[in-house]
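Undergrad: Going down the list, the sequences are from chains A and B.
Note that numbering that gives the first Met the number 0 numbers the first sequence so that position 45 is 44, with each residue one more than the last.
Note that numbering that gives the first Met the number 0 numbers the second sequence so that position 84 is 83, with each residue one more than the last.
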Amino acid sequence: MTRSISRRLYQQLLLLYTEPFRHEFGDEMLGMFEECRVAQGSLRLLADLVLSAAKQQIRYLSVPVPKCALLYTEIASSPNLARMLTIMVFGAALVAGVFRAPTPKLSQPCTLSRTERILVSDNRVGTISH
Amino acid sequence: MEPKNKTPSPLSPAALQILATLAIEDLHGYGIIQAVSIQSQGRIRIGPGTLYDNLKRFMEHGWVRDLQPASDNEKRMYRLTAAGKAALSHEIRRLDDLIRQTKRYLHGMKPRSVE
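#1: May I ask you to list, following chain order, the residues of the stretch 40 to 51 of chain A that have a beta carbon less than 7 Å from some beta carbon of chain B?
#2: Report buried or exposed for A:L14, applying the criterion of at least 16 other Cβ atoms within 10 angstroms of its Cβ.
#3: Can you pull out the residues from the stretch 16 to 42 of chain B whose beta carbon lies closer than 7 Å to at least one beta carbon of chain A?
#4: Name the residues in the stretch 65 to 88 of chain B whose C-beta lies less than 7 Å from a C-beta of chain A; which are they?
#5: Tell me, which residues are paired with B:R64 by DSSP?
#6: How far does the alpha helix (DSSP H) with A:M34 in it reach, from first residue to last?
#7: Taking the alpha carbon of B:F57 as the reference point, which residue from B:T80, B:M76 and B:L105 has its own alpha carbon closest?
#8: Could you give the distance in angstroms between the alpha-carbon of A:A38 and the alpha-carbon of B:S70?
#9: Output yes if chain A places a C-beta closer than 7 Å to the C-beta of B:G48; else output no.
#10: Among residues of its own chain, excluding the 5 on either side of B:H27, which ones have a beta-carbon nearer than 8 Å to its beta-carbon?
#11: Just the Cα atoms here: how many angstroms apart are A:R85 and A:L93?
#12: For the stretch 6 to 36 of chain A, enumerate the residues whose C-beta is nearer than 8 Å to any C-beta of chain B, in chain order.
#13: Would you kindly check if the distance between the Cβ of B:G107 and the Cβ of B:A82 is under 7 Å?
As structure tokens, then:
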């Protein structure tokens, strides 16, 4: 993996962390990525980030919401892990559904005459007279 | 931030190594990673994710505090607090007891099948 790609990927994966965590340590982590990359390798660092982000999110979600907070809804500024996983699962299901869905086939050929077809397309079906 | 009262124990090997390196001197993030690698003779190599995940937890518990740099060129340093030293001592005692008991068991007790 080239240096710029891995750095950009690392930067994007930082979005997996909670916003407060990213705000506090994001810049430091990105700066340290370059220093650690030579010794540890990009893949190892990326895996380390994903695992620790998952731990962070689980810890963040497991914190009980205070009672007074029930009256308002926090608009998260970062996609949290649960939301991202849900989107990924639904996305995968949607893609699988699209590719598996059988294409509709007409079992019988259309038996309407040309005049009837014109009338049907003009929405004047009731006026057909033979 | 209010320090949490509960003491998570046992600590993970990475967490223990981070606290042990900070017990020696104040260090910045990359310094901690290098010190952990040297101290564990290369057996434990932590990445930035693991490091800052642990540091965040330690700061929430009041075990570690950060020292804001005086200028933009300097790096943020991390220091072990008195509560952190107490937690580390507690963990070292726990490990010490475990090692002593296990040694006694290994050297003193005969296997059951022999008796």
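Just so it is clear, CB atoms sit at the ideal spot from N, CA and C, and this is done for glycine as well.
TA: On the basis of the data shown:
#1: R43, L44, D47, L48, L50 and S51
#2: For the purposes of this step, residue 14 of chain A is taken as the residue at position 15 of the first sequence. A:L14 is exposed by the Cβ-count criterion.
#3: G28, Y29 and I32
#4: R75
#5: On the second sequence, residue 64 of chain B is found 65 positions in, with the first residue counted as 1. According to DSSP, which records beta bridges pairwise, B:R64 is partnered with B:R78.
#6: Here residue 34 of chain A is taken as the residue at index 35 of the first sequence, counted from 1. The sequence given here has Glu at residue 34 of chain A, not Met. Run containing A:E34: E18 to Q39, per the alpha helix (DSSP H) assignment.
#7: For this step, residue 57 of chain B is matched to residue 58 along the second sequence. The residue with the shortest Cα to Cα distance from B:F57 is B:T80.
#8: One-based indexing of the first sequence puts residue 38 of chain A at position 39. One-based indexing of the second sequence puts residue 70 of chain B at position 71. Distance between the alpha carbons of A:A38 and B:S70: 28 Å.
#9: For the purposes of this step, residue 48 of chain B is taken as residue 49 along the second sequence, with counting starting at 1. Yes - at least one Cβ of chain A is within 7 Å of the one on B:G48.
#10: For this step, residue 27 of chain B is matched to residue 28 along the second sequence. Excluding sequence neighbours, B:H27 sits near K74, R75, M76 and Y77.
#11: Within the first sequence, residue 85 of chain A is the residue found at index 86, counting from 1. Within the first sequence, residue 93 of chain A is the residue found at index 94, counting from 1. Note that residue 85 of chain A is Thr in the sequence shown, not Arg. In a straight line, the C-alpha of A:T85 is about 12 Å away from that of A:L93.
#12: F20, E23, F24, E27, M28, M31, F32, E34 and C35
#13: Position 83 of the second sequence, counting from 1, holds the residue named residue 82 of chain B. Position 108 of the second sequence, counting from 1, holds the residue named residue 107 of chain B. Not in contact: B:A82 and B:G107 (Cβ atoms no closer than 7 Å).
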